[in-house]
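Asks:
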Amino acid sequence: MQVILLQDVKGIGRAGEVAKVSDGHGRNYLIPRKMAMEATPANLKTLERRKQEIEARREVDQNRAAELKEQIEGKTVRLVTKAGEGGRLFGAVTSKDITDVLEKDFSIVIDKKKVIMDAPIKQVGLAEVEIKLFPGISALCKVDVIAQ
Numbered sequence: 109m110q111v112i113l114l115q116d117v118k119g120i121g122r123a124g125e126v127a128k129v130s131d132g133h134g135r136n137y138l139i140p141r142k143m144a145m146e147a148t149p150a151n152l153k154t155l156e157r158r159k160q161e162i163e164a165r166r167e168v169d170q171n172r173a174a175e176l177k178e179q180i181e182g183k184t185v186r187l188v189t190k191a192g193e194g195g196r197l198f199g200a201v202t203s204k205d206i207t208d209v210l211e212k213d214f215s216i217v218i219d220k221k222k223v224i225m226d227a228p229i230k231q232v233g234l235a236e237v238e239i240k241l242f243p244g245i246s247a248l249c250k251v252d253v254i255a256q
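The sequence shown begins at 109 in this note's numbering and counts up one residue at a time.
1. Could you tell me the alpha carbon to alpha carbon distance between Val251 and Val117, rounded to whole angstroms?
2. CB Ile120 to CB Val126, shorter than 8 Å?
3. Span of the beta strand (DSSP E) holding Arg196?
4. Please identify the residue among Asp131, Ala164 and Phe242 whose C-alpha is closest to the C-alpha of Glu175.
5. Return the CA-CA distance between Asn151 and His133, expressed in angstroms with no decimal places.
6. Taking the alpha-carbon positions, what's the Lys221 to Ile139 distance?
7. At what residues does the beta strand (DSSP E) containing Leu155 begin and finish?
8. Starting from Arg186, trace the beta strand (DSSP E) in both directions and tell me its first and last residue.
9. From the DSSP secondary-structure annotation, give me the bridge partner or partners of Leu234.
10. Please list, in chain order, all residues of the same chain as Ala235 whose beta carbon is under 6 Å from its beta carbon, the five residues on each side excluded.
11. Name the residue from Glu178, Val201, Arg196 and Thr154 whose alpha carbon lies nearest to the alpha carbon of Arg186.
12. Taking the straight line between their C-alpha atoms, what separation do you get for Gln179 and Asp205?
13. Can Val232 and Thr207 be called in contact, C-beta distance under 8 Å?
14. Would you report the Cα separation of Leu155 and Ala173, rounded to the nearest angstrom?
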């Protein structure tokens, strides 16, 4: 089935593109979540009108991501957690913990799925995580884990 993407969908395409997807994926996932609409002749005409709107929105999102990158780059997230012998943590520092501190301390709201970690942080000390803000724009954030 042919669909018109209303937003960027990883592995399929960018907003405004016409993409071929399986019938089930289109009808059961993309269309109900307003991520795509069926590519009928009437919808294709509407697409031409919406392309400018989508491009403007993408530009605004890209500018916002660049501003967020500037805000995040110089920041160090400090987390105080319980640790045992040798600086090993009880539990781990996850992307949710990092986004909570960014929101609480710096008023920066980011979805936890945008924080890219190879594995949860399980050691006291300084670590660096990547935050994907927009395709091609990511920020490096320092995370300082301190034993309680």
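Don't be surprised by glycine CBs; every beta carbon is placed ideally from N, CA and C.
Replies: Per the coordinate set shown:
1. 30 Å
2. no
3. Arg196 to Val201
4. Phe242
5. Asn151 and His133: Cα-Cα distance of roughly 19 Å.
6. Taking the straight line from one Cα to the other gives about 22 Å.
7. Where Leu155 is concerned, there is no enclosing beta strand (DSSP E), although the alpha helix (DSSP H) around it starts and stops at Pro149 to Glu181.
8. Thr184 to Thr189
9. Asp252
10. Ile229 and Val251
11. Val201
12. 18 Å
13. No, they are not a contact pair.
14. 25 Å
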